[in-house]
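Trainee: Just remember that our numbering sits 1 ahead of the position in the sequence shown, which is counted from 1. Glycine included, C-beta positions come from ideal geometry on N, C-alpha and C. Quantities reported herein were computed from a predicted structural model and do not represent experimental measurements. Pasting in a structure now, in C-alpha cells, and then I'll have a few things to ask.
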Amino acid sequence: MIDDKYLYRLEKGETFHILDQDGSANELDPKLPPDVLLKIYRMMVQARAFDEKALKLQRAGRMGTYPPLSGQEAVQIGSAFALDKSDWMVPSYREAGAMMVKGVPMKLQYMLWMGNDWGNRIPDGVNCLPVSIPVGSQTLHATGMAWAANVRKEKNAFLCYFGDGATSRGDFHESLNFAGVFQVPAVFLCSNNGFAISTPVVLQTHAETIAQKAIAYGIRGYRLDGMDVLASYVLAKDALDRAKKGEGPTLIEALCYRFGPHTTADNPDLYREKEEVERIKKEKDPIARFRNYLVKRKLWDDQKEKALIEEIDRLVDAAAKEAEKAPVPTFEDLVRNVFAETPPYLEDELNYFKKVSGGGKP
Ligand SMILES: Cc1ncc(C[n+]2csc(CCOP(=O)(O)OP(=O)(O)O)c2C)c(N)n1
C-alpha cells in the first residue's frame with residue numbers, strides 16, 4: 002500500500018507522479034522487473050501504432066468515425082497492467098490501448114470502428130465490457146457489477162474509464178454515490194484530457210479538481226499525472242488492491258492530453274492552439290518519458306526501438322487487413338446478440354423482418 006503521506010494531498014492540488022520527462026524516477030518507483038517494464042513499453046508503442054493506423058484507415062475511407070488515444074497511452078497502459086485476469090475492465094470508447102492489454106485483440110477493435118458489430122463481441126475469458134458510447138453510462142455498469150461481486154462474495158475489482166465530460170452526467174454522480182454507500186470494489190478512472198470535444202473542463206465544473214468530488218461521496222480521491230505510466234500503474238494497483246481488501250471504491254483523476262482530435266469528425270484547431278499541442282508533444286510525450294527511463298536503466302537502445310517499431314507495424318497492418326476481411330453480422334445476429342435469450346417481442350419483429358425481406362438479409 003502507498004503511504005498516505007503521498008496520497009492525501011488534494012488540498013494542495015498536487016498530483017501523484019513518479020517519472021520526470023528526462024526519465025528519472027522518485028522514491029515511489031515500483032522497481033518492476035525488466036520483463037514487465039518492457040511489456041509495458043511495448044504496449045504503449047503498440048497503442049500508438051494502432052491509433053496512427055486507424056487515422057490513416059479513416060482518412061482513406063476504410064474506417065468509420067474513430068476516437069484517437071495518442072497522448073493518453075500512459076494512463077491507459079499503466080492502469081490496465083494493474084488489473085488481475087479476474088478483475089474487470091469497463092471502458093469508454095477511447096480505451097483501445099487499455100483494452101489490448103486486457104486481451105481484446107486489435108483485429109476486433111478495428112472491426113468495431115469499421116462498423117462491424119462483431120468487433121464488440123469480447124472473447125470469452127477476457128473480463129472486459131464492450132465499448133460504451135453513451136458518455137458516462139459505463140460508470141453505472143461498473144457500480145452495478147461491483148455491487149453484485151460483493152453480494153456474491155467474489156474477490157475481483159472493477160476498473161472503469163471515462164472522461165472529464167462524463168463527470169457532468171447524472172450517471173457519474175449516481176454511480177459514485179452508490180459505490181460509496183455499498184462500498185463496492187470499483188476504481189473510477191477519469192482521464193481528464195481537458196476537453197469534452199470542444200468544451201473545456203472549466204465549463205464542466207466550477208470545482209478546482211475532479212478528484213475532490215470523491216469527498217462528497219465519502220470515498221478516496223486522488224490526482225494522478227496521467228502522462229506517467231509508472232505512476233498510473235502504482236496508483237491504480239493501490240486502489241484495486243484496496244478495493245479487493247474490502248476498503249471500497251476510489252476516484253482517480255488522471256491529468257492527460259490527447260494529441261489528436263476528439264474523433265476523426267472533429268477539428269481541434271478551432272478550439273486549441275496548434276503551438277500548445279506541439280509543445281506538449283515535445284515536452285510531455287508519455288512514451289518518450291518512459292523510454293528515457295528505460296534507457297537510464299540500460300534496458301533500451303535505438304536498435305531495439307527500430308526492431309520493435311518494425312515488428313509492431315507488421316502486427317498492426319495484419320490486424321487491419323484481417324478486420325477488413327472479417328465476416329459481418331446478419332440482421333438476425335444483431336437481434337440475437339442483445340439478450341442471452343431473445344424475448345418474444347424481438348422474436349416477433351425478427352420473424353416479421355424475415356417475411357418482408359425475403360429471408361433475413363440486411
Ligand atoms: C449521453 C451522450 N451525450 C453526448 C454524446 C456525444 N459525445 C460523444 S463523446 C462526447 C464528449 C465526452 O467527453 P469526455 O467525457 O471528456 O471524454 P473524452 O471524449 O474527452 O475522452 C460527447 C458529448 C454521447 N456519446 N453520449
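Taking only heavy atoms of ligand 1 into account, decide whether any of them is closer than 6 Å to the Cβ of Arg273.
Mentor: Arg273 has its Cβ no nearer than 6 Å to any heavy atom of ligand 1.
Trainee: If we count the other Cβ atoms within 10 Å of its Cβ and call it buried at 16 or more, is Tyr346 buried or exposed?
Mentor: exposed
Trainee: On the CB-based measure, 16 or more other CB atoms within 10 Å of its CB, does His207 come out buried or exposed?
Mentor: exposed
Trainee: Exposed or buried, which one is Ser133 when buried takes at least 16 other CB atoms within 10 Å?
Mentor: So Ser133 ends up on the buried side.
Trainee: Considering only the beta carbon of each residue, do Cys257 and Val76 sit closer than 7 Å?
Mentor: The Cβ atoms of Cys257 and Val76 lie closer than 7 Å to each other.
Trainee: For Ala240, which residues of its own chain have a beta-carbon under 6 Å away from its beta-carbon, when the five flanking residues on both sides are left out?
Mentor: Its chain contains Val188, Thr251 as the residues whose beta carbon lies nearer than 6 Å to that of Ala240, once the 5 sequence neighbours on both sides are disregarded; these appear in chain order.
Trainee: Nearest to Ser358 by CA position, among Phe332, Glu348, Ala341, is which residue?
Mentor: Phe332
Trainee: Could you pull out every residue in the same chain whose Cβ sits closer than 7 Å to the Cβ of Asn121, ignoring the five residues on either side in sequence?
Mentor: Leu113, Pro131, Val132
Trainee: Identify the residues that DSSP records as bridge partners of Met90: which are they?
Mentor: According to DSSP, which records beta bridges pairwise, Met90 is partnered with Cys129, Leu160.
Trainee: What are the start and end residues of the beta strand (DSSP E) that includes Phe189?
Mentor: 187–193
Trainee: At a threshold of 6 Å, does Asn194 count as lining ligand 1 (C-beta to nearest heavy atom)?
Mentor: The answer is yes for Asn194.
Trainee: For Thr140 and Lys154, I'd like the C-alpha separation in whole angstroms.
Mentor: 21 Å
Trainee: By how many angstroms is the C-alpha of Cys161 removed from the C-alpha of Ala1?
Mentor: The first residue shown for the chain is 2 and the last is 363, placing residue 1 beyond what the model contains.
Trainee: Hey, out of Ser80, Asn151, Arg315, whose CA is closest to Gly247's CA?
Mentor: Asn151
Trainee: Taking the beta carbon of Ser87 as the centre, do at least 16 other beta carbons fall within 10 Å, making it buried, or is it exposed?
Mentor: exposed
Trainee: Mind the definition here: the region 303–322 touches the region 30–50 only if three or more C-beta pairs lie below 8 Å; say whether that holds.
Mentor: A contact between stretches requires three or more CB pairs, one per stretch, nearer than 8 Å, and the region 303–322 meets this requirement with the region 30–50.
Trainee: Taking the alpha-carbon positions, what's the Asp172 to Tyr218 distance?
Mentor: 14 Å
Trainee: Pick helix, strand or coil for Arg224, following the three-state DSSP scheme.
Mentor: Here Arg224 sits in strand by DSSP.
Trainee: For ligand 1, any of its heavy atoms closer than 6 Å to the Cβ of Val136?
Mentor: yes
Trainee: Got a sec: does ligand 1 put a non-hydrogen atom nearer than 6 Å to the Cβ of Asp165?
Mentor: yes
Trainee: Please tell me whether Arg170 and Gly137 are closer than 7 Å, where the distance is taken between their beta carbons.
Mentor: yes
Trainee: Return the CA-CA distance between Ser176 and Ile211, expressed in angstroms with no decimal places.
Mentor: 15 Å
Trainee: Hey, which unbroken runs of the beta strand (DSSP E) at 3 residues or more fall wholly within the region 11–48?
Mentor: none
Trainee: Near Gly261, which residues of its chain fall below 6 Å by C-beta distance, leaving aside the five closest residues on each side in sequence?
Mentor: Pro69, Ser71
Trainee: Just to confirm, are Glu319 and Lys54 a CB contact at a threshold of 7 Å?
Mentor: It is Ala, not Glu, that sits at residue 319 in the sequence shown. The answer is no: Cβ separation not under 7 Å.
Trainee: Compute the beta-carbon to beta-carbon distance between Ala180 and Ile220, rounded to the nearest angstrom, for a pair I have assumed lies under 8 Å.
Mentor: 7 Å
Trainee: Output needed for Ala147: all residues of its chain with C-beta closer than 6 Å, excluding positions within five of it in sequence on either side, in chain order.
Mentor: Phe159, Val185, Pro186, Ala187
Trainee: When the Cα of Ala167 is compared with those of Ala197, Val182, Thr144, Leu58, which residue comes out closest?
Mentor: Comparing Cα-Cα distances from Ala167 to each of Ala197, Val182, Thr144, Leu58, the minimum goes to Ala197.
Trainee: In the DSSP assignment, find the alpha helix (DSSP H) that holds Ala255 and state where it starts and stops.
Mentor: Bounds of any alpha helix (DSSP H) do not take in Ala255; it lies within the beta strand (DSSP E) bounded by 251–256.
Trainee: Buried or exposed for Met2, please, with buried defined as at least 16 other CB atoms from any protein chain shown within 10 angstroms of its CB.
Mentor: exposed
Trainee: Inspect the beta-carbon positions of Asp229 and Ile78 and report whether they are closer than 7 Å.
Mentor: no
Trainee: Can you grab the Cα-Cα spacing for the pair Asn338 / Cys129, in whole Å?
Mentor: 16 Å
Trainee: Please name the residue in Gln59, Ser93, Glu348, Glu74 whose C-alpha comes closest to that of Asp286.
Mentor: Glu74
Trainee: Using the Cα positions of Asp334 and Met115, report the straight-line distance between them to the nearest angstrom.
Mentor: 17 Å
Trainee: Please report the distance separating the alpha-carbon of Tyr272 from that of Ser199.
Mentor: 6 Å
Trainee: Please work out which residues of its chain come closer than 8 Å, Cβ to Cβ, to Ile313, disregarding the five sequence neighbours upstream and downstream, and give them in chain order.
Mentor: Arg43, Val46, Gln47, Ala50
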